[in-house]
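Input: a single structure, listed below in structure tokens.
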Amino acid sequence: MQVASITGKRQAQLVERETPHAWGDVVVVKIHKTPMCTEYKLYRDGHVTDVLGHEAAGEVVEVAQPGRVKVGDRVVVMPQYPCGTCRYCLAGDYVYCLNNLDILKLTGNSAGTATYAQYILKQDWLLIPIPDDMSTEHASMACCGLGPTFGAMQRLNINAYDTVLITGMGPVGLGGVVNAMYRGAKVIAVEPHPYRRNLALELGAAAAIDPNDPTAMQQILNLTDGKGVDKAVECAGTPEAQRFMINAVRRRAQVAFVAEAGEFTVHVSNDLLRKGLVVHGIWHWNLADTPRMMQTIRAMGHLLDKMITHRFPLSRVQDAWELQLAGDCGKVMLYPWGDPA
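In terms of our numbering, the numbers along the sequence shown are unbroken and rise by one, the last being 348.
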């Protein structure tokens, strides 16, 4: 099969790898759609690897034993390779599993563990059936397109009474706008790139603010009767965006850190005690919420069509990454089997 490979700084190509085979409850999925996340950072930095991507939707093409799926089923592929038996997996919070399977050790081959490829291996219980009335492309947004912010908004119980701040209108933050629109919340988007600010407005944000504008914080106060926002979801992953979020919320607010990031300084007294903040760390959603996720996708299909701005065949992955680095895009989709229809 063909997979994408980073060969150097801003260099990529397709390479041939062994097509994986099913074993036990691990099945083979032919990937039809691969939403792109933040792998462009690896491309930018020259991180040489051909194990790329964690979002996909496709079709089951091989099973080793009777199980939860059968050949021909259309499915969304969930990330990681959790054990399926620990307390977190059994509760649906598999992303917190401490006993992830080592596919390389089990099979002797790392091929089939990433989604910038034509096939992937996955345990059958991590495959979500795609309803007949839903496109594969829309369904694939259950991964990182909508998933991280969906999980955050479930945890924060975001609803129509809330004004929500979302920092970072990249491939995750834009999905936060869509999720918040479905819940009826008022959204204030924060993003330095003008293309993505405009896209956030097209998706329904009440305001899109440039954090580099000296009046940015005052704009938020003006939009919230001088109090600050009720809840916030951080999707930028920079200390500047994290600090902006903390400063922008009202007292007794809730905030969720979604974007991967490093160290960030929090002043315990001023930020937590005096403000009374509730802080959450979350990057995905609980499998028990699958019906709600599918309901959101079905209702918000018209916004997903706006959020997905570009489509490329896998053979043009380097062009797709260059576009992401420029920032003039929303969610970008790869087609592993050729040009988009």
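Idealized CB from N, CA, C, for every residue including glycine.
Practice task
Please say whether V262 and A295 have beta carbons closer to each other than 7 Å?
Solution key: No, the pair does not count as a contact, with Cβ atoms beyond the cut-off.
Practice task
In angstroms with no decimal places, state the Cα-to-Cα distance between A255 and Y50.
Solution key: 33 Å
Exercise for the section: For D346, collect the residues of the same chain with a Cβ closer than 7 Å to its Cβ; drop the 5 residues on either side in sequence, then sort them by chain order. Expected result: Cβ within range, chain order: P320.
Problem - Endpoints, the alpha helix (DSSP H) within which K77 is located - result: Neither: K77 is in no alpha helix (DSSP H) and is coded neither H nor E.
Handout entry: Residue ranges of each alpha helix (DSSP H) within the region 36-73, 4 or longer
Key = 47-52
Problem - Burial state of G15, where buried means 16 or more other Cβ atoms lie within 10 Å - result: exposed
Problem - Opposing strand residues paired with W30 [DSSP bridges] - result: V33
Exercise for the section: Give me the Cα-Cα distance between H309 and L210, rounded to the nearest whole angstrom. Expected result: 9 Å
Practice task
Measure how close the beta-carbons of V70 and V34 come, nearest whole angstrom, since I'm counting them as under 8 Å.
Solution key: A Cβ-Cβ separation of about 5 Å places V70 in contact with V34 under the 8 Å criterion.
Practice task
Determine which residues share a DSSP beta bridge with A255 and list them.
Solution key: A255 pairs with nothing; no bridge assigned.
Exercise for the section: Measure the alpha-carbon distance for G152 versus L113 and round it to whole angstroms. Expected result: 30 Å
Exercise for the section: Closer than 8 Å by C-beta to G334: which residues in its own chain qualify, once you throw out the five before and the five after it? Chain order, please. Expected result: H200, Y202 and R203
Exercise for the section: State the start and end residues of the unbroken alpha helix (DSSP H) segment that holds Q226. Expected result: A223 to L230
Handout entry: Cβ shell of T297 (< 7 Å), same chain only, five flanking positions each side left out
Key = I135
Handout entry: CA-to-CA distance, P73 to C104, given in whole angstroms
Key = 25 Å
Exercise for the section: Note down the Cα distance separating G79 from E66, rounded to an integer number of angstroms. Expected result: 6 Å
Exercise for the section: For T316, collect the residues of the same chain with a Cβ closer than 8 Å to its Cβ; drop the 5 residues on either side in sequence, then sort them by chain order. Expected result: L206, C336, G337, K338 and V339
Exercise for the section: Taking the CB atoms as reference points, tell me whether S147 and P42 lie closer together than 7 Å. Expected result: yes
Practice task
Using three-state DSSP, classify K16 as helix, strand or coil.
Solution key: coil
Practice task
Measure the C-alpha to C-alpha separation of V184 and I253 and round it to an integer number of angstroms.
Solution key: 19 Å
Handout entry: DSSP bridge partner residues for K282 (one or two, in chain order)
Key = Bridge partners of K282: none, in fact.
Practice task
For V265, count neighbouring Cβ atoms within 10 angstroms of its own Cβ and tell me buried if that reaches 16, exposed if not.
Solution key: buried
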